[in-house]
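Reviewing the structure listed below.
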Amino acid sequence: MLRPRKILGMARKWRRQVANSVSMTADKGHFVVYTVDHSRFVIPLHYLDNNIFRELLKMSEDEFGLPTNKPITLPCDSSLMNYLVSVFERALTKEFEALLISVATNRPNSLDQGGENRKQMLVYGF
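Following the working numbering, the residues of the sequence shown are numbered contiguously, the last one being 1317.
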């Protein structure tokens, strides 16, 4: 049977090992953002070329302001961010990008032909 003092010593040792192995900074060419449910995402810098990601950053600035000593928080939850990252990793057409931006900003999109206001479900599969 282990003594409580021995168990506490083991817990401290494991805590130090974990603290040393987890990096709080991003790798070169990446930056860190958080979602509203406090999930952490390490994002490649080339995502800044994407209009959808830029729109998310603008929405973040409008909702939370410009952080000085705090991390950037995006106004979405982790499930949406996981979906967007998977979309960014695949080839994204300009039409799909325009549709996502118009849905996010509640503007009518230019894909609506004939001037009709139709509600369409957004589905993007593999």
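Yeah, the Cβ is synthetic: ideal placement off N, Cα and C, and Gly gets one too.
- Looking at the DSSP output, F1232 sits in a beta bridge with V1224.
- Proximity of the stretch 1237-1246 to the stretch 1275-1293 meets the contact definition, three or more beta-carbon pairs being nearer than 8 Å.
- In the three-state scheme derived from DSSP, where H, G and I count as helix and E and B as strand, L1265 is classed as strand.
- A distance below 7 Å between beta-carbons, with the five flanking residues on each side excluded, links D1268 to the following residues of its chain, in chain order: T1226, V1227 and D1228.
- K1219 sits in coil when the DSSP states are folded into three classes, being neither helix nor strand.
- Burial state of L1193 is exposed, judged by a 10 Å Cβ sphere holding fewer than 16 other Cβ atoms.
- Per DSSP, reduced to three states, the secondary structure at L1290 is helical.
- In the displayed model, P1258 falls within coil according to three-state DSSP, outside both helix and strand.
- If the five residues before and after L1275 are omitted, its C-beta is found closer than 6 Å to no C-beta atom of its own chain.
- Burial is judged here by how many other beta carbons sit within 10 angstroms of a residue's own beta carbon; V1233 has fewer than 16 and is exposed.
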